[in-house]
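Before any comments, here is the structure.
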Amino acid sequence: MLRGLAMKYPRSSTVRKWVATCMVAKSAKAGIRGTKLVGAAIPIGALGMATNVITNLGRAGVRMNY
390 MLRGLAMKYP RSSTVRKWVA TCMVAKSAKA GIRGTKLVGA AIPIGALGMA TNVITNLGRA
450 GVRMNY
């Protein structure tokens, strides 16, 4: 969907950069959600805490970069 929007404006580098940024943010968000799912699915306390730390660091990184 987003790439289709970028293709409508072939001369606009700004729109392409916005779309690229949105795609990076969407993939980071999917990675964070996947990590949370793994931590929730495996009932080991230490693993749950580790995935919690990883997801919080990932969220902070996304917020700092975008």
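The sequence shown begins at 390 in our numbering and counts up one residue at a time.
The C-beta atom is built at its ideal place from N, Cα and C for all residues, glycine as well.
The structure displayed is predicted, hence computed values, not measured ones.
Between the region 438 to 449 and the region 416 to 430 there are three or more C-beta pairs closer than 8 angstroms, enough to call the two in contact. No Cβ-Cβ contact shorter than 7 angstroms links residue 421 with residue 450. Judged by beta-carbon spacing, residue 404 lies within the 7 angstroms limit of residue 395, meaning their Cβ atoms are closer than that value.
Its Cα nearest to that of residue 408, the residue 392 stands out among 444, 392, 430. The alpha-carbon of residue 402 is positioned some 21 angstroms away from that of residue 416.
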